[in-house]
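Protein chains in written order, with the UniProt record's numbering: chain A, 1 to 356; chain B, 1 to 356. Even glycine gets a Cβ: it sits at the ideal position worked out from N, Cα and C. Beneath this line is the structure, given in structure tokens, with notes to follow.
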DNA sequence: TTGAAAGCGCTAACAC
DNA sequence: GTGTTAGCGCTTTCAA
């Protein structure tokens, strides 16, 4: 015996014959055309109800040239940030009667382009692309070359062909600088990933500019790993080792991205340093766990909902034929100063205690 | 001037006329049929190359009745677990030439059913459903009623209509029990969410059975919140307050799900308790951050890759016509005992120190 | 107010 | 070996 056999679904013709009208009329009724005789419309509704009929959206799109599908390409799905982003985008697409098809580029530009090509094959109406690196990658070039409609988000600054939406990293980083300087930090280490060039640069520059403005002789060290997280671990290790030899050590670390914050914490662990007594820490990107640890980790919160909402707004404006030069949008972040930040010089386990 | 106008993509007919053959021949060449004259095949390849032609997968599926699309429905996208799951499933689907379309049910059974109906409208070849609650929800019923092909994962035990794949929660929980009992814990609190009935029950029973087997008079308290995380916070608060009045307190907490671990940590914070000196903690579900905090949090690691791989295997077996009664598969977990677990009675900040 | 006809881009039968 | 024909399920002229 065949197990769970998929029965043929009723088509528009089944509805038509049951209602005693043509398929064209059914289509009109379902599309809300008002020129249909009420009596016939009712018969159609009855038939639809009885048969449990539902339009096949793909067949429908087939005829209409533009498909009601939005493609979303994210660097990864594993983090809270992109998880929330996909979730938001999905809801926003649905609200407009579109389906979101999400794909992960797995932090690879090569794959990003492949995935984008697939989206193009699917003839999606538009694409929300969060590039692996920045707006100058091969994927954006592909979109341009193929006349695709799209919006670039997150790791982008501005583009001459596509609208962009991202967090205002520079402003947030300036605020972090103000906070750290205000607490008395004069030697700060900034760590980041060079791959995410667009935003890392903005964050670094925003931080440095404000810090130097407030205290011209502040010392800012920078440790950047080109494209992988693991090397950063080694670089950071070396950095602290060398500093130890010279008897110097930064009093605060600002990590420009989430994994960097984890790497920093893990390096602190290894050395037995505690926040904020031995060293202060602020990370770009918030996560749920950061509030429940000892100490709670200070973080820059990206406005995921706002970015998603803006992205969809501008994307649909383009889909609906909106014209004009592309705009670069920046959404403000929130900076949450939590217990991982204290004042330097208070010495191990002495001041700013957080263990009541 | 119209900005970025999408040019019409070349169709199979464009390729056909350029190669001087019929559309059917092009289709055959591209499908790898070997009966085509090599010379013509070459002309087709040349034309494809020249025009940058790519098959429209949706149009192709339209004709072939079964669409090469797999639907994946997850309770949420925000957590590491489901993020990894979607990522894995996406890769596995691609390997077989299918596209994964993922949707979030947002922990709502009502939405889960709607999303599933949409998948059905899309006529997906199969569905990987991670139900909000368990295998008896309305979504599984819908799948059954509509003869859909699918596999149930994660929050499921066994089903009479669909294959299921999940982590072996009971075995892992038994191991947690063995570890805690071994360390000398005799009063343990277990917290969970009633909504995830299927697995919570398995985890609870597995834990309790083993603990009682090892130490018949062990005390196991249970705090379950019906369906929301927030009430759990309040319940936990009350539980500890009441215990304090009587001067008793569990020496270890086992959280049956990730958010519960966060709630527990946050409650410990509020009371100024530290792990493992004041209380031990083990959580079901691991996360990257758990290794870099002080202390590192002990956790049960679910075998995401294995679950995804098994799910896709059994799903495609069904899609390819595989018959026979549904099977319930359990994949073994790993239990990582980290510093958040110590021995009871060593008193605050006295033993099992983790601050070298 | 309605339905017949013509496809969207593709593939599977079936002739030739 | 290859092309013709006939659709998949739907929408949209356009003529009646």
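Classification of residue i by the beta-carbon crowding that lies within 10 angstroms, buried from 16 upward
i	result
residue 71(A)	buried
residue 79(B)	buried
residue 251(B)	buried
residue 13(B)	exposed
residue 166(A)	buried
residue 155(A)	buried
residue 430(B)	Chain B is shown from 1 up to 356; residue 430(B) falls before or after that span and cannot be answered.
residue 200(A)	buried
residue 133(A)	buried
residue 310(A)	buried
residue 135(B)	buried
residue 33(A)	exposed
residue 259(A)	buried
residue 261(A)	buried
residue 35(B)	exposed
residue 130(B)	buried
Nearest-angstrom Cβ-Cβ length linking residue i and residue j, presumed shorter than 8 Å
i	j	result
residue 308(A)	residue 85(A)	6 Å
residue 256(B)	residue 190(B)	7 Å
residue 335(B)	residue 179(B)	7 Å
residue 81(B)	residue 285(B)	6 Å
residue 138(B)	residue 107(B)	Actually they do not touch by this definition, with Cβ atoms about 14 Å apart.
residue 30(A)	residue 58(B)	Going by Cβ atoms, the distance from residue 30(A) to residue 58(B) rounds to 21 Å, so no, they are not a contact pair.
residue 117(A)	residue 157(A)	Not really, about 25 Å apart at Cβ, beyond 8 Å.
residue 62(A)	residue 62(B)	6 Å
Sequence-distant residues of its chain with Cβ nearer than 7 Å to residue i (five each side left out)
i	result
residue 319(A)	125, 126, 149
residue 1(B)	Confidence at residue 1(B) is low in this model, with a pLDDT of 35, below 50, so its placement is unreliable and no value can be given for it.
residue 168(A)	330, 331, 332, 333
residue 181(A)	211, 214, 215, 218
residue 176(A)	207, 254, 282, 300, 335
residue 96(B)	316
Own chain residues within Cβ distance below 8 Å of residue i, not counting five before or after
i	result
residue 248(A)	187
residue 345(A)	184, 251
residue 338(A)	290, 291, 295, 296, 297, 298, 299
residue 324(A)	none
residue 267(B)	233, 236, 237, 240
residue 340(B)	275, 276, 280, 281, 282, 295, 296, 297, 298
residue 194(B)	200, 224, 225, 226, 227
residue 174(B)	206, 207, 209, 210
residue 10(B)	51, 52, 53
residue 83(B)	77
Chain-order list of residues whose beta-carbon lies under 6 Å from that of residue i (same chain, five-residue window excluded)
i	result
residue 115(A)	73, 103, 105
residue 93(B)	70, 100
residue 361(B)	Residue numbering for chain B in the displayed model covers 1 to 356; residue 361(B) lies beyond these limits and cannot be assessed.
residue 314(A)	151, 163
residue 19(A)	43, 44, 47
residue 112(A)	105, 132, 139
residue 123(A)	67
residue 55(B)	none
residue 16(A)	22, 23, 26
residue 328(A)	158, 164
Positions along the region 50-84 of chain A whose CB lies within less than 8 Å of some CB in chain B: 54, 55, 56, 57, 58, 59, 61, 62, 67, 76, 77, 78, 79, 80, 82, 83, 84
Inter-stretch contact (C-beta, 8 Å, three-pair minimum) for the region 129-144 of chain A and the region 50-69 of chain B: no
contact_flag[the region 15-24 of chain B, the region 222-238 of chain A] where n(CB pairs < 8 Å) is 3 or more: no
Does the count of Cβ pairs from the region 311-325 of chain A and the region 281-297 of chain A closer than 8 Å reach three? Contact fails: fewer than three Cβ-Cβ distances are below 8 Å.
With contact counted as at least three CB pairs below 8 Å, one residue from each stretch, are the region 35-43 of chain A and the region 58-73 of chain A in contact? no
Measuring CB atoms only, is the region 86-93 of chain B touching the region 268-282 of chain B, in the sense that at least three cross pairs come out at less than 8 Å? With a cut-off of 8 Å, the region 268-282 of chain B and the region 86-93 of chain B do not count as touching, because too few Cβ pairs lie within range.
Pairs of beta-carbons, one from the region 201-213 of chain A and one from the region 233-248 of chain A, closer than 8 Å: are there three or more? no
Three or more beta-carbon pairs under 8 Å between the region 91-100 of chain B and the region 57-70 of chain B, yes or no? yes
Against chain B, which members of the region 259-273 of chain A pass a CB distance test of less than 7 Å? 262, 265, 266, 269, 272
For the region 122-141 of chain B, list every residue whose C-beta sits within 8 Å of some C-beta in chain A, in sequence order. 122, 123
Taking a Cβ distance cut-off of 7 Å, strictly less, list which residues of the region 162-178 of chain B are near chain A, in chain order. none
Interface residues of the region 98-122 of chain B facing chain A [CB-CB below 9 Å]: Against chain A - using a Cβ distance shorter than 9 Å - the residues of the region 98-122 of chain B are 99, 100, 101, 102, 103, 104, 106, 117, 118, 120, 121, 122.
At a CB distance below 8 Å, what residues from the region 276-288 of chain A approach chain B? Give them in sequence order. Interface annotation for the region 276-288 of chain A against chain B: 287, 288, criterion Cβ-Cβ distance under 8 Å.
Where the region 227-252 of chain B meets chain A: residues whose CB sits under 8 Å from a CB there: none
In chain order, what residues of the region 26-37 of chain A put their CB closer than 9 Å to some CB of chain B? None of the residues of the region 26-37 of chain A has a beta carbon lying less than 9 Å from any beta carbon of chain B.
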